[in-house]
Every structure is written in structure tokens, then in C-alpha cells.
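Structure, as C-alpha cells:
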Amino acid sequence: MNFLQKNNTSALIFILILSSCSNFQYKVHQQLGRRAGILISSDRVTMICEDQYAGGGDFKDTFAFLIYFLDEKKTVSTAFQSTIMNQSQCFKKLKLAETILKKSNQVYMAGIMDLNKERVVEKNSYHFPKFGDFHGNGRSMQWYVLKGEDGTCVTAYDGDGNPCPWDPIFPAETIPFSK
Amino acid sequence: MADKKLKKTTTVHEHPMHVPVSRKNPTGITTRHQHKRRVYASTSAEELKQIFANYPKKKIPYPSAGRLTEFKNSDAFDELIAVWCDYFNKKFPPKPPEASLDPNVIKALIASESGFKINSRNGDAHGIAQITNSTLKILQDPDGEAKDFLFKDIRQKDLYDHEIAIPLATRWLFRKKATATNRLGHAPGTEDLILEYKGLLNSSTDYQKKALNSFRTAYELLTKK
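Here the protein sequences line up with chains Y and E, keeping their order. Residue numbering for the first sequence follows our numbering, starting at 1 and increasing by one per position. Residue numbering for the second sequence follows our numbering, starting at 1 and increasing by one per position.
Put into C-alpha cells, the structure is as follows:
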């Protein structure tokens with residue numbers, strides 16, 4: 001009996017290790033100064049278009065695109081597009097980004113961020129359906145690009161008509177699963 | 001004898017004018033008699049380039065170089081920033097004089113808006129300073145809030161020319177300094193000024209905190225001793 005119980009425990013541990021290995025979650029892909037690129041499971045990412053006027057901003061019909069992502073310590077960093085958009089522009093971007101998340105198990109995100117900045121516990125918390133609610137960590141990313149496994153890409157700046165990601169500080173060849 | 005500055009004026013003919021409804025004006029409309037109106041000069045794209053070319057560049061404060069290495073070309077616009085910051089500090093002298101605008105504020109603002117990309121476009125925001133169409137309109141409107149220094153004949157496509165976008169953004173920042181002073185009742189600090197520029201002075205959104213954080217980091221890197 002004892003032998004069986006021991007074997008069951010070992011099998012359970014083995015299955016847990018196996019599942020944590022196969023279930024990719026969060027990895028720093030590149031860090032050059034404050035240029036940061038991360039690989040992250042889609043279920044650890046959530047995003048919104050935040051109404052700035054409703055939040056006390058001066059101008060009507062201004063929306064900010066924000067991406068919240070759950071890191072390896074289960075704290076939440078925020079990626080944000082620097083420039084504010086109108087509602088339709090923001091929701092168009094949000095829809096495209098959500099499509100990328102739906103189609104990919106993992107996504108690549110890049111921007112300007114200090115990954116060594118000490119985490120703080122923010123008052124705000126954010127909901128991830130698969131994991132629950134977690135507090136912000138005070139870290140933020142000036143967001144540049146989000147790319148899915150099939151090569152679909154959405155960027156903070158439309159740029160000059162070159163394909164996404166067009167920004168030279170995140171060249172396509174350094175980005176995983178580029179088409 | 002002190003120099004008398006000639007102010008160009010024009011005559012405005014008698015016209016109806018909306019006023020608050022009162023006993024004296026129950027209809028809310030009164031007649032404004034013929035009067036003089038000051039005509040402010042306006043500056044074209046060509047003139048902006050001439051001003052920059054002829055501006056004495058040696059003894060003016062420059063933004064810090066070599067600090068924002070994560071951005072490509074981050075130091076390529078330092079001379080433009082220095083010239084236009086100095087130009088508008090002289091055009092709109094602050095009280096007290098030590099409250100002059102620091103060119104590092106403009107550099108950090110550009111870092112946080114476009115990351116120094118001259119071709120960046122984002123909805124209605126264009127170019128290195130991400131100036132919007134509505135701001136461009138105000139900056140050229142003789143009856144608008146920025147009429148004390150106007151630009152003329154600047155088109156949307158010109159906002160992708162950093163030699164035009166940087167003076168426009170700098171001028172707009174000076175305008176925002178004035179509006180923030182009115183709203184706060186005192187001269188704004190650097191971060192209040194940036195929030196006013198972004199239209200978020202009274203905001204409590206998540207974006208306000210993150211966008212400010214991004215500016216703050218760039219500004220701290222630029223001003224670190």
C-alpha cells in the first residue's frame with residue numbers, strides 16, 4: 001500500500017512538472033538597455049481602451065490603449081500606447097490585438113521598459129479569467145509592438161506604410177515567430 | 001528714450017456680439033462699435049527654417065546628449081530643441097526668469113510621444129511631436145487661444161518635417177504653460193505642464209499615471225547629474 005501511495009505521489013509530481021514545462025507562461029526574450037521584448041502566454045494578457053474624458057481628461061472622445069500582462073511573479077505590468085486616439089481608432093486597434101491573442105498560444109510584446117525596476121504593490125488590481133485578480137507592480141512599458149504566432153502584428157505607430165513591425169529599434173529578424 | 005514697439009492693428013467695423021443675458025441685454029446680443037484690433041504676425045514654414053538657420057546657437061542651453069540610448073536618433077534633434085526653446089523663452093519671458101523652460105522637458109516629451117520617429121502617425125497625431133490636427137488649427141487661428149504667436153500655411157504633411165514640428169510643439173508647450181498657470185493659480189511644475197499638454201491635468205486614469213511615468217523616467221535620465 002505504502003509503495004502504491006509513494007508511486008502515486010511521484011506520478012503526480014511528474015505530471016505537474018511536465019504540465020508546467022509544456023504550458024509556457026512568461027519569458028524575457030530580449031533586453032537591451034531599456035528596450036525590452038517578452039514572450040508571454042496569451043491568457044496572461046488583457047487589454048482595454050480607457051476613456052480619458054470619463055476619467056477627468058480635458059477632451060471628449062479620447063481613448064488610451066492599455067495592455068495589462070501578468071509576469072513571472074504574478075504581478076501586473078502595464079503596456080501603453082503613448083498617443084491618445086479617438087474611440088473608433090482605439091477599438092479598431094483593440095479588436096486587432098484581441099484577434100492576435102485568440103489565434104496564438106503565446107505572443108511577443110516589445111517596447112521601452114525597465115525590467116529591473118523594483119516592483120511596488122499598486123492599489124489597482126486587474127482580472128485575468130484563467131488566473132484571477134492581481135495587483136499592478138508599478139512597472140510600465142511604452143508599447144511598440146504585439147505579434148502573434150501566425151505573424152499577425154499590431155503596432156503603436158502606423159509609421160510610413162512599412163509592414164509591422166516597422167520600427168528599427170525592434171528589427172523583424174530579432175522577433176520570434178516572424179513570417 | 002525707450003524704443004516704442006509698433007503694434008500692427010486693423011479696424012473692425014460695427015458688429016453684433018453675443019454677451020451674457022442680463023437686464024441691460026435681455027436678448028444676449030449687443031452691438032460692438034467700430035474698434036481697433038491688434039494684428040499678430042504669423043510665421044510660415046519657410047520663415048521658421050530661416051529663423052533656425054540664422055539663430056545664434058553657441059550660448060544657448062542644450063538638452064543633455066547620450067542619455068536616451070534606447071531610442072534611435074535621440075540626440076539628432078538637440079540643436080532644434082535648443083534653438084526653439086531659447087526662442088520661445090525670450091518671446092514669452094517667464095516670471096521669475098529662472099522658471100524658463102528647460103530644453104530637456106521638450107526632449108523627454110518627444111521621447112514619450114514618438115520615441116524620436118519623424119514619420120510616426122497615430123490616428124490624428126502626426127510626426128515626431130505627435131501634433132494633432134486640432135492643435136495645428138489652433139496654432140494658426142487668428143481668433144484662437146494661441147493668437148499671440150501664430151503660424152501660417154502649415155499643412156498636415158508639414159508635421160512630418162521635424163524642422164517645423166519641433167517649433168510648433170515648443171510653442172504649444174508655452175501655450176500650455178499659460179493655461180496651466182490659469183488653472184492651477186500658480187506656475188506649473190514640469191509634470192503638471194506635461195499633463196496639461198496631454199489634456200490630463202485633472203485626470204485620474206491609469207493612462208495618466210503610466211504616460212507621466214514614461215515622461216518622468218526620460219526626464220530623470222536627461223537631468224541626472
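Don't be surprised by glycine CBs; every beta carbon is placed ideally from N, CA and C. Since this is a predicted model, take the numbers as computed values, not measurements.
Delimiting residues of the alpha helix (DSSP H) encompassing T190 of chain E
Working through the second sequence from its first residue, we reach residue 190 of chain E at position 190. Per DSSP, T190 of chain E belongs to the alpha helix (DSSP H) from 190 to 197.
To the nearest angstrom, how far is it from the Cα of D78 of chain E to the Cα of S64 of chain E?
On the second sequence, position 78 is the one that residue 78 of chain E refers to. On the second sequence, position 64 is the one that residue 64 of chain E refers to. Each residue's alpha carbon lies about 8 Å from the other.
By Cβ distance below 6 Å, which residues in the same chain neighbour N124 of chain Y in space, the five residues on each side in sequence not counted?
For this step, residue 124 of chain Y is matched to residue 124 along the first sequence. Excluding positions up to five away in sequence, the list reads G136.
If we require 3 or more residues per run, which beta strand (DSSP E) segments fall completely within the region 25 to 107 of chain E?
29 to 32, 35 to 38
Collapsed DSSP secondary structure at H186 of chain E in the structure displayed
Residue mapping note: residue 186 of chain E aligns to position 186 of the second sequence, counting from 1. Correct three-state label for H186 of chain E: coil.
Cα-Cα separation, S22 of chain Y to V154 of chain Y:
As a working note, residue 22 of chain Y is residue 22 in the first sequence. As a working note, residue 154 of chain Y is residue 154 in the first sequence. Only weak support exists for where S22 of chain Y lies, its pLDDT of 44 falling under 50; the value from the coordinates is given anyway. C-alpha separation (whole angstroms): 27 Å.
Can a CB atom of chain E be found closer than 8 Å to the CB of E118 of chain Y?
Taking the first residue of the first sequence as 1, we reach residue 118 of chain Y at position 118. No, its Cβ sits nowhere closer than 8 Å to a Cβ of chain E.
Would a C-beta distance cut-off of 8 Å place Q208 of chain E and T83 of chain Y closer than the cut-off?
In the second sequence, the residue the question calls residue 208 of chain E occupies position 208. In the first sequence, the residue the question calls residue 83 of chain Y occupies position 83. Cβ distance not < 8 Å, so Q208 of chain E and T83 of chain Y don't count as in contact.
By the criterion of Cβ-Cβ separation under 7 Å, what are the contact partners of N202 of chain E in chain B?
Looking for chain B here will not work: the only protein chains present are Y and E.
Are Y160 of chain E and I106 of chain E close, meaning C-beta to C-beta below 8 Å?
Indexing the second sequence from 1 puts residue 160 of chain E at position 160. Indexing the second sequence from 1 puts residue 106 of chain E at position 106. Cβ distance not < 8 Å, so Y160 of chain E and I106 of chain E don't count as in contact.
Residue range of the alpha helix (DSSP H) that S88 of chain Y falls in?
Here residue 88 of chain Y is taken as the residue at index 88 of the first sequence, counted from 1. 87 to 103 is the extent of the alpha helix (DSSP H) around S88 of chain Y.
Can you list the beta strand (DSSP E) stretches of 3 or more residues lying completely in the region 101 to 145 of chain E, in chain order?
none
Hey, L221 of chain E and R67 of chain E: beta-carbon distance below 8 Å or not?
The residue given as residue 221 of chain E occupies position 221 in the second sequence. The residue given as residue 67 of chain E occupies position 67 in the second sequence. Cβ distance < 8 Å, so L221 of chain E and R67 of chain E count as in contact.
Burial state of E46 of chain E (16 or more Cβ within 10 Å):
The residue given as residue 46 of chain E occupies position 46 in the second sequence. Classification of E46 of chain E: exposed, given that the 10 Å Cβ count is below 16.
Give a yes or no on whether the C-beta atoms belonging to Q106 of chain Y and L39 of chain Y are separated by under 8 Å.
Sequence index remark: in the first sequence, residue 106 of chain Y carries index 106 (1-based). Sequence index remark: in the first sequence, residue 39 of chain Y carries index 39 (1-based). Yes; because the gap between Cβ atoms is below 8 Å, this pair is in contact.
Please confirm whether F88 of chain E and T170 of chain E have their CB atoms less than 8 Å apart.
Within the second sequence, the letter at position 88 stands for residue 88 of chain E. Within the second sequence, the letter at position 170 stands for residue 170 of chain E. Yes, Cβ-Cβ distance for F88 of chain E and T170 of chain E is below 8 Å.
Which residues of chain E have a Cβ atom closer than 8 Å to the Cβ of I175 of chain Y, listed in chain order?
The sequence position of residue 175 of chain Y within the first sequence is 175, counting from 1. By Cβ distance, chain E contributes nothing, its closest Cβ being about 17 Å from I175 of chain Y, past 8 Å.
In this structure, does DSSP put S125 of chain Y in helix, strand or coil?
Residue 125 of chain Y sits at position 125 when you count from the first residue of the first sequence. DSSP places S125 of chain Y in strand when its eight states are reduced to three.
Chain Y beta carbons: is any one of them nearer than 8 Å to that of T11 of chain E?
Within the second sequence, numbered from 1, the residue matching residue 11 of chain E stands at position 11. No, T11 of chain E lies away from the interface with chain Y (no Cβ there is under 8 Å from its Cβ).
If we cut at 8 Å on Cβ distances, does D150 of chain Y have a partner in chain E?
The residue you call residue 150 of chain Y lines up with position 150 of the first sequence. Answer no: the Cβ-Cβ gap between D150 of chain Y and chain E never drops below 8 Å.
Determine which residues share a DSSP beta bridge with D133 of chain Y and list them.
Translated into the one-based positions of the first sequence, residue 133 of chain Y becomes position 133. In the DSSP secondary-structure assignment, D133 of chain Y is bridged to Y:H127.
Three or more C-beta pairs below 8 Å linking the region 131 to 149 of chain Y and the region 69 to 88 of chain Y
yes
Measure the alpha-carbon distance for K91 of chain E versus K147 of chain Y and round it to whole angstroms.
For this step, residue 91 of chain E is matched to residue 91 along the second sequence. For this step, residue 147 of chain Y is matched to residue 147 along the first sequence. Straight-line spacing of the CA atoms in K91 of chain E and K147 of chain Y works out to 46 Å.
So, at 7 Å on beta carbons, what are the nonlocal neighbours of E118 of chain Y in its own chain, with the 5 sequence-adjacent residues on each side left out?
Position 118 of the first sequence, counted from the start, is the residue given in the question as residue 118 of chain Y. Hits under 7 Å: none found.
Could you confirm whether any beta carbon from chain E is found closer than 8 Å to the beta carbon of A64 of chain Y?
Position 64 of the first sequence, counted from the first residue, corresponds to residue 64 of chain Y. It does: the Cβ of A64 of chain Y has a partner Cβ on chain E nearer than 8 Å.
Rounded to a whole number of angstroms, what is the C-alpha to C-alpha distance between S214 of chain E and M141 of chain Y?
Here residue 214 of chain E is taken as the residue at index 214 of the second sequence, counted from 1. Here residue 141 of chain Y is taken as the residue at index 141 of the first sequence, counted from 1. Cα to Cα, the separation comes out at about 8 Å.
On the criterion of 16 or more Cβ atoms from any shown chain inside 10 Å, does M85 of chain Y qualify as buried, or is it exposed?
The sequence position of residue 85 of chain Y within the first sequence is 85, counting from 1. M85 of chain Y comes out buried.
According to DSSP, is D71 of chain Y helix, strand or coil?
As a position in the first sequence, residue 71 of chain Y is number 71, starting the count at 1. Coil.
Listed by chain order, chain Y residues near R67 of chain E by CB distance under 7 Å
For the purposes of this step, residue 67 of chain E is taken as the residue at position 67 of the second sequence. Simply none; closest approach about 11 Å.
Between E:W172, E:L195, E:P142, which has its C-alpha nearest A41 of chain E's C-alpha?
Reading the second sequence from its first residue, position 41 is the one you call residue 41 of chain E. For the residues E:W172, E:L195, E:P142, the minimum Cα distance to A41 of chain E belongs to E:P142.
For G123 of chain E, does the count of other Cβ atoms within 10 angstroms reach 16, so buried, or fall short, so exposed?
Within the second sequence, numbered from 1, the residue matching residue 123 of chain E stands at position 123. Per the 10 Å Cβ criterion, buried.
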